[in-house]
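Residue numbers (our numbering), protein chains in the order written: chain A, 1025 to 1639; chain B, 1025 to 1639.
Protein chains: 2
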Amino acid sequence: MTDEQGVPERVRIRFTPSDKEVRVPTGVPIFDAASWNGIAIDSTCGGHGTCKKCKVQILEGSIPVQSLDRRAFSQDQLDDGWRLACVARATGDLLVDVPPMTTRPKAATFGVGRQVILRPAVQKRFVELTEPTLTDQRTDSQRVFDELDDLELTVDLDVYRTLGQTLRESDFKVTAVVVDDRLIAVEPGDTTSRSFGLAFDLGTTTVVANLMDITTGTPAAVTSMLNKQQPYGADVIARISATMLNADALGHLQQLAHETLDTLAKEACAEAGVEANEIYEVALAGNATMVQLALGVNPEPLGVAPFILAARQFENVMASDLGVTAHPRARAVVVPALGAYVGGDIIAGALASGMDRDKRLRLFIDIGTNCEIVIADGERIMATAAPAGPAFEAASIRCGMRAAPGAIEVVKVTDGDLELQVIGDEPAVGVCGSGLVDAVAELVRVGVIDPSGRFVDRDTVMETHPHLAERMTLFGEEKVFVLAEPTSPDGDPVVLSQRDVRELQFAKAAIATGWSLLFEDFGIEEHDIQQVLLAGSFGTYLSAASAVRIGLVPKIPVLRIVSAGNVAGEGAKMVLLSAAERHGVTTLLSEIKYVELSDRTDFQDRFIDQLAFPT
Amino acid sequence: MTDEQGVPERVRIRFTPSDKEVRVPTGVPIFDAASWNGIAIDSTCGGHGTCKKCKVQILEGSIPVQSLDRRAFSQDQLDDGWRLACVARATGDLLVDVPPMTTRPKAATFGVGRQVILRPAVQKRFVELTEPTLTDQRTDSQRVFDELDDLELTVDLDVYRTLGQTLRESDFKVTAVVVDDRLIAVEPGDTTSRSFGLAFDLGTTTVVANLMDITTGTPAAVTSMLNKQQPYGADVIARISATMLNADALGHLQQLAHETLDTLAKEACAEAGVEANEIYEVALAGNATMVQLALGVNPEPLGVAPFILAARQFENVMASDLGVTAHPRARAVVVPALGAYVGGDIIAGALASGMDRDKRLRLFIDIGTNCEIVIADGERIMATAAPAGPAFEAASIRCGMRAAPGAIEVVKVTDGDLELQVIGDEPAVGVCGSGLVDAVAELVRVGVIDPSGRFVDRDTVMETHPHLAERMTLFGEEKVFVLAEPTSPDGDPVVLSQRDVRELQFAKAAIATGWSLLFEDFGIEEHDIQQVLLAGSFGTYLSAASAVRIGLVPKIPVLRIVSAGNVAGEGAKMVLLSAAERHGVTTLLSEIKYVELSDRTDFQDRFIDQLAFPT
């Protein structure tokens, strides 16, 4: 496995009769290129070159004949440009004709409008076998293989252990469960309608499980909970530090991750009426630290310069390695990471956002303690990570809280005073990240906070906004602004403190430094950006107008700033449901250029430039 | 995996400059064809198409260009017939030039004069890596891969778990342990001189372990012991029956097999001063029942008609699945079986005897309760199994015993009386299989037993052999012949009974029926056989002359009847030490035609014909 190749060139493939044109990295199989663009090509083997159904005709351009092609086509057909799409790798521009499909493909939409053709690695086949006789002494396994002769299978030992009994107890009518080229189970009778997978978004704070019906691509249940590792600290650095200070911490953190994932899996199964052994595959997206902790891989090199991953891709992982109760031979596909601070969550998010495909110049931002930024224009793609610090973590903000009932999530200045939206329409008890950004943005707009980030003198504010000035007071030595009065006589008000403003200022400066340096490397200007995607739960609630106003995102029309939602989870679902998208991740990874900020000499200067709020 | 293909055609490959010509099945890689015939071709990846060192030039005949060839050669070189030997599959007659090797190949002799080029699946590489920096953030695993760029590796999760720590604690100087395309370990420092494997011969009665130094191909220690499953019965049918009668028996038999194998492994390690985690691979040859029991695979379908294997090849087996203490990620290669009664032990034996390569017409016989017979002439190969019954098991013979001290192993009539050889030169307490065959053969020769198998009348014998006649007496109603007097006044003599003769007669008739039916299917006569190989421990001690005399083997000159020794164990060693021989097993398996005797209508008639002793 070589997971860090050079950046490949791109080639242009036009498909008929759909007349769609795509640009893909050189070397990508035509099958994947078509699939990524919503063009379905027949296949039953999932692109392993064994079913020989993915026949296409190369009308312009050329692709060398592979040995598998010789098994599928006559010499005349080869001369006419017929090739198997799964082994035909585009190395130059092509015009490819795709014959009509014999079966109607299933597709579903994920992430930011990504149309995904369902082609899961898991497939089930019901087979009715003839019983052995003295003149037909084929082995039990061969009897199964012969009914699956479009596949070249390898078999787990456990399957052999019970195969003889299963066949004989079910009158040789069984369902074969195949994942890629592995026969993982032979089940009595016809179980083809029951096939499930789990897609996890393993966040530092929140963990989400999507139980997916693999045959239909629809969710059977969604569950989420806080990561049980939270007592070890709110962010990844705290958890890595724990493993460095205490030899038992890694094992314990791994255990806590497993408990979190397994609790969610069991809840989802219970909710949907699915048995654990009907889950045949698991996909997981998480940042590099969460992934290494969950797999029991020592995370220490992630936490100290020069910030080194054990591997981008952990390729031989079972669901049981993640502590998830599923079919005992269920595999886990862990979305690979680009670097220590651009993890599988971001790669999954970039996939679900179509960052590698969309021809618009787009910026993807996942805001958090570590802020990941991706820029792409359909030709090139670059990523970086900016150390935003704890501003978006509740703990570092005086009245900070997670986005939960009682949290102020929207702040507006209307008619000279504040208008608040509180989650759950309850009395406000704190402020969450989006409320913080809103509050600062509005107070900057109306002049309560000046561009340098200081609270303006109370008397000055009184002249223009007397209601707001009345909210300005002191807590000890520190200036604060009262967002909401106490809910009880002996309670505390919800305030925005001068230090809170500073925290946010530092965070937005780090983030803006990140994207502005990326723009420079990419050779574009701020106003060239055609779309900004705000990823993650924080991005979902953030006001685009406020984000622009404080300079957290480039200054572009607000309508071009889009909440992308939980794209990491969406990417995990795509990986679970489509072998082509799974290959797409590898291609994406080979294309992204990682820009390391921590050794940039211009980082500090740029950071200071970005500290002020835009005027 | 399709393990039961049709019989392939053979093609002729001539190699220059060695000027050796071989005939191999069509589709065999040139690399393997050369290796099987003692012609070494450069390679470091073990034939996986990644090292691109196995360059050969096709001088006559043609082989299509594969995509891997395009990476290794220019168009001019391709036009000149250059190909990679590991991916070039011969489908017609060829003349192939093999360039001189840059390294001198190691080879060793195994089995019946088989010269094996050492090319184990296990390889160790010492690498000195550069340390990561902010400008070189390659992952820890990539850093290792980049030093092994002739291999395309996949990595076990456990390796990733400790990789970071191992690299940093050993100043990034480490030894990579690769088995085929799996990186199974990264060890601190240079451990390249320490690399071991275990080759097991798992017999129903006796189990042998060969601890091999993989780098030199020499044995480090050999240990053997009785199979701990013995309390469940002496033969495979008894053990299969046990699993059918008692639900716990399979688990217990598996446990006993594991204890046997692990005891031998530990003894061998202790003897040779080898650590268990220096054993990186295990090879095992055994009959189908022993293999399925050891792997915990339900053996019931083996024991009842139509006698069905779970699989010919169990492909995903770890040493730990056999209960063997070795490196935790050591794989186990289990030699595949042809049928329920022609197991991996026979396939390993046929490999070590060169049954698929020798151009002479040869017969391979492994005598036991079940007698396996293979016939081959370098073009075709056929096998069958004959139900010999328990004659060669001590328990069914009145004074039978295993070949241990006190057992009569040689019987001769000289100067009118018996001359005995007893194992250990001790007073005789019983007779082992070879002594039984000798005794009957000699008594038939001198007329004490008539061709129909009956003891001749005592008075008639008295006329020609008075000393022998004196040994003829009655035990109750049954005629017996005293081979040795009691060792103590109240002891019993060692006798040959009329029933013993009948048991042997039935056994030899079954065996002779087996080979005579094979001869018929093969289209040859008994006297055409150029060599008989007697395999297994019984074959080692059996007198060729006696075997011919009672009709156990075809009537050919005694010098052409050869003891092959423990060829199953030798085959296991070859599989352990050579990837090419390992592929050779698969080819061998696809070539052997299995002849089932139990549904032959002519079996009974032929059996009755064979009951009489030759005159």
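All C-beta atoms, glycine included, are put in the ideal place defined by N, C-alpha and C.
Quantities reported herein were computed from a predicted structural model and do not represent experimental measurements.
Shortest Cα-Cα distance from leucine 1613 of chain A to any of A/Lys1044, A/Ser1042, A/Pro1049 involves A/Pro1049. Distance check between glutamate 1502 of chain A and each of A/Glu1594, A/Asp1524, A/Thr1511, A/Glu1494 places A/Asp1524 closest, using alpha-carbon atoms only. Contact note: proline 1124 of chain B does not reach chain A at a C-beta cutoff of 8 angstroms; the least C-beta distance is about 29 angstroms. In the same chain as alanine 1064 of chain B, and ignoring 5 residues on each side of it, the C-beta atoms closer than 6 angstroms to its own belong to Met1125, Pro1129, Ile1141, in chain order. Of all residues in the stretch 1202-1220 of chain A, none is placed with a Cβ closer than 7 angstroms to any Cβ belonging to chain B.
For serine 1265 of chain A, the nearest beta carbon of chain B is not closer than 8 angstroms to its own beta carbon.
Any Cβ of chain B closer than 8 angstroms to the Cβ of aspartate 1164 of chain A would place that residue at the interface, and such an atom is present.
Contact between leucine 1346 of chain B and histidine 1282 of chain B holds, since their C-beta atoms are separated by about 6 angstroms, short of 8 angstroms. Taking the C-beta atoms as reference points, glycine 1575 of chain A is found no nearer than 8 angstroms to alanine 1531 of chain A. A direct Cα-Cα distance of roughly 59 angstroms separates glutamate 1594 of chain B from asparagine 1590 of chain A. Fully enclosed alpha helix (DSSP H) runs of no fewer than 4 residues occupy 1457-1469, 1482-1488, 1490-1494 of the stretch 1420-1507 of chain A, in order along the chain. A distance below 8 angstroms separates the beta carbons of aspartate 1380 of chain B and alanine 1400 of chain B. With contacts defined by Cβ atoms closer than 8 angstroms, valine 1504 of chain A and leucine 1498 of chain A form a contacting pair. DSSP, reduced to helix, strand and coil, places lysine 1617 of chain A within a strand of the structure shown.
Taking 8 angstroms as the cut-off, the Cβ atoms of valine 1210 of chain A and valine 1168 of chain A count as close. In this structure, DSSP gives methionine 1125 of chain B a state outside helix and strand, which the three-state scheme calls coil. For the pair alanine 1415 of chain B and leucine 1222 of chain B, the CB atoms are not nearer than the 8 angstroms cut-off. Taking each of B/Glu1302, B/Asn1270, B/Val1315, B/Ala1266 in turn and checking the Cα distance to leucine 1285 of chain B, the smallest one comes out for B/Val1315.
Here alanine 1419 of chain B is exposed. Its C-beta has fewer than 16 other C-beta atoms within 10 Å. Looking at the DSSP output, methionine 1236 of chain B bridges to B/Gly1221, B/Pro1243. Secondary structure note for valine 1080 of chain A: it is in no alpha helix (DSSP H), and the uninterrupted beta strand (DSSP E) holding it is 1079-1084.
The beta carbons of proline 1053 of chain B and alanine 1112 of chain B sit closer together than 8 angstroms. Nearest CB-CB separation between valine 1366 of chain B and chain A: not below the 8 angstroms threshold. Cβ proximity to chain B below 7 angstroms picks out Asn1322, Glu1324, Pro1325, Ala1329, Pro1330, Phe1331, Ile1332, Leu1333, Ala1334 from the stretch 1322-1334 of chain A.
Assigned with DSSP and collapsed to three states, alanine 1309 of chain A falls in strand. Using a 10 angstroms sphere on the CB of alanine 1294 of chain A, the tally of other CB atoms stays under 16, which defines it as exposed. The C-alpha of phenylalanine 1479 of chain B lies about 9 angstroms from the C-alpha of methionine 1496 of chain B.
At a cut-off of 8 angstroms between beta carbons, valine 1357 of chain B makes no contact with chain A. Contact residues of the stretch 1070-1099 of chain B toward chain A are Pro1088, Val1089, Gln1090, Ser1091, Arg1094 (C-beta to C-beta distance below 9 angstroms). Secondary structure of glutamate 1509 of chain B (DSSP, three-state): coil. In the three-state reduction of the DSSP assignment, isoleucine 1397 of chain B falls in the strand class.
At a beta-carbon threshold of 7 angstroms, the residues of chain B lying near proline 1156 of chain A are Pro1330, Ile1332, ordered along the chain. Exclusion of the five residues before and after isoleucine 1548 of chain A leaves Leu1385 as the residues of its chain whose Cβ lies within less than 7 angstroms of its Cβ. Judged by DSSP in its simplified three-state form, isoleucine 1208 of chain B adopts strand. When the Cα atoms are used, phenylalanine 1388 of chain B and aspartate 1545 of chain B turn out to be separated by approximately 16 angstroms.
Serine 1098 of chain B: not part of any beta strand (DSSP E); DSSP gives it neither H nor E.
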